[in-house]
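> One structure follows; several queries about it will come next.
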Amino acid sequence: SLTDSGESWITDEWVGFRIFNTTDGSAAMITSNTGTTVTATLSGGTDNDWDTNDSYDISADYDSYGLGYSKSINNIFYNNDDLKYDRTMDLDYYSNNEVVQDYGKHDGGNGASSLTDSGESWTTDEWVDFKVYNITDGSSGVITANTGTTVTATLSGGVDNDWDTDDEYEIRGLNDFWAYNLIGKSGTESIWGRGGASDMYKSWTLQEIEGGAFDDNITFQNNIEGNPLFVDPASLDYHLKQGSPCINTGGHLTTVHANDTGSGLTLKVADARFF
2 SLTDSGESWI TDEWVGFRIF NTTDGSAAMI TSNTGTTVTA TLSGGTDNDW DTNDSYDISA
62 DYDSYGLGYS KSINNIFYNN DDLKYDRTMD LDYYSNNEVV QDYGKHDGGN GASSLTDSGE
122 SWTTDEWVDF KVYNITDGSS GVITANTGTT VTATLSGGVD NDWDTDDEYE IRGLNDFWAY
182 NLIGKSGTES IWGRGGASDM YKSWTLQEIE GGAFDDNITF QNNIEGNPLF VDPASLDYHL
242 KQGSPCINTG GHLTTVHAND TGSGLTLKVA DARFF
């Protein structure tokens with residue numbers, strides 16, 4: 002187990018996150034933690050254990066993210082919604098989360114200005130405006146370009162701010178993101194942070210919120226694409242601005258309890274049962 006006597010973590014707050022032994026090159030999913038220790042079965046490194054003065058990094062894994070706060074807001078829906086005065090939306094705000102999108106090791110030469118991972122086959126420029134972290138070096142930078150196997154970013158904040166052979170990296174989504182009535186994410190879709198020109202909010206698992214008992218979880222495709230355009234979310238004003246993709250998106254849902262309700266290309270969010 003890792004021990005850091007200077008910490009005062011909450012018991013098991015890191016369960017489900019990944020820990021890197023950046024000195025040894027090993028990593029693992031955390032299974033438990035105390036205020037000063039972390040338990041995980043390390044693999045992929047030199048000796049897969051902890052030695053005095055080994056450096057570590059704890060990062061959110063693909064399906065792990067921290068909740069900034071959760072809030073319910075009344076009377077938020079309007080236009081097509083003829084029952085706007087008794088509608089409630091549950092809103093989860095995930096603050097400053099950089100969800101890990103990909104990770105690996107640099108297999109190019111020492112002192113390189115770009116990351117190379119010859120085992121990848123990324124889409125050209127799919128990572129632009131995301132962040133890349135050189136975990137070994139302690140540096141990071143915003144990605145300006147990528148090919149199928151390389152990532153270009155100006156690194157800063159580390160030891161030498163470049164890439165050496167076997168440096169470990171993470172690519173993370175940028176900034177905050179919002180989820181609406183979020184219970185969990187679809188098993189086939191990624192949760193994306195803000196990534197350049199378009200924000201993507203899609204394929205959430207949603208839950209009935211309109212009075213009475215909670216309904217079954219239901220997954221929809223393409224419920225929202227784009228910034229929801231809240232009036233002033235920093236001041237907790239989540240009313241919708243003109244031009245929001247949540248306004249005037251269609252008629253009311255008619256099938257109340259079927260699990261496939263609204264599962265077509267467009268979710269009729271004006272009904273306000275699902276959002």
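Read in order, the letters of the sequence shown are residues 2 to 276 in the working numbering. Positions of the beta carbon are idealized from the N, C-alpha and C atoms, including for glycine.
1. Leaving out the 5 sequence neighbours to the left and right, which residues in its chain are closer than 8 Å to D13 when beta-carbon positions are compared?
2. Considering only residues of the same chain and omitting the five flanking positions on each side of G149, which have a CB-CB separation below 6 Å?
3. Going by DSSP in three states, E8 sits in which element: helix, strand or coil?
4. Please state the DSSP three-state secondary structure of T145.
5. Pick from L3, N135, R19: whose alpha carbon is nearest that of N54?
6. Kindly indicate which residue of G112, S141, V16, V160 has the alpha-carbon position closest to the one of A41.
7. Using the Cα positions of W128 and T145, report the straight-line distance between them to the nearest angstrom.
8. Would T23 be called buried (16 or more neighbouring beta carbons within 10 Å of its own) or exposed?
9. Using C-beta distances below 7 Å, list every residue in its chain close to Y57, excluding the 5 sequence neighbours before and after it, in chain order.
10. G7: buried (16+ other C-beta within 10 angstroms of its C-beta) or exposed?
11. Give the straight-line distance between the Cα atoms of F178 and D25, rounded to the nearest whole angstrom.
12. At the level of alpha carbons, what is the spacing between I11 and I31?
13. Cβ atoms of G139 and Y112: under 8 Å apart, would you say?
14. Ignore the nearest five residues each way along the sequence and tell me which others in N162's own chain have a CB closer than 6 Å to its CB.
15. Given D126, which residues of its chain have a CB within under 8 Å of its CB, disregarding the five upstream and five downstream residues?
16. For S114, count neighbouring C-beta atoms within 10 Å of its own C-beta (all shown protein chains included) and say buried if the count is 16 or more, exposed if not.
17. Based on Cα-Cα distance, which residue from D52, D5, T38 lies nearest to S27?
18. What number of angstroms, rounded off, separates the C-alpha of D48 from the C-alpha of D168?
19. Considering only the alpha carbon of each residue, which of V152, K106, V39 lies closest to G46?
20. From the DSSP output, in three-state form, read off F131 for me.
21. With H, G and I counted as helix, E and B as strand and the rest as coil, what does DSSP make of G105?
22. Taking the straight line between their C-alpha atoms, what separation do you get for D50 and V143?
23. Since T117 and T151 should fall inside the 8 Å C-beta cutoff, what is the C-beta to C-beta distance between them, to a whole number of angstroms?
24. Using C-beta distances below 6 Å, list every residue in its chain close to T38, excluding the 5 sequence neighbours before and after it, in chain order.
By the coordinates alone:
1. S33, N34
2. S122, W123
3. coil
4. strand
5. L3
6. V16
7. 8 Å
8. buried
9. L3, I20, F21, N22, T23
10. exposed
11. Only weak support is given to the placement of F178: the predicted model assigns it a pLDDT of 42, under 50, and the value that follows is read from those uncertain coordinates. Approximately 33 Å between the Cα atoms of the pair.
12. 14 Å
13. A small fix is needed here, since residue 112 is Gly in this sequence, not Tyr. The answer is no: Cβ separation not under 8 Å.
14. S140, L156
15. A146, N147
16. exposed
17. D52
18. 17 Å
19. K106
20. coil
21. strand
22. 32 Å
23. 5 Å
24. S2, T4
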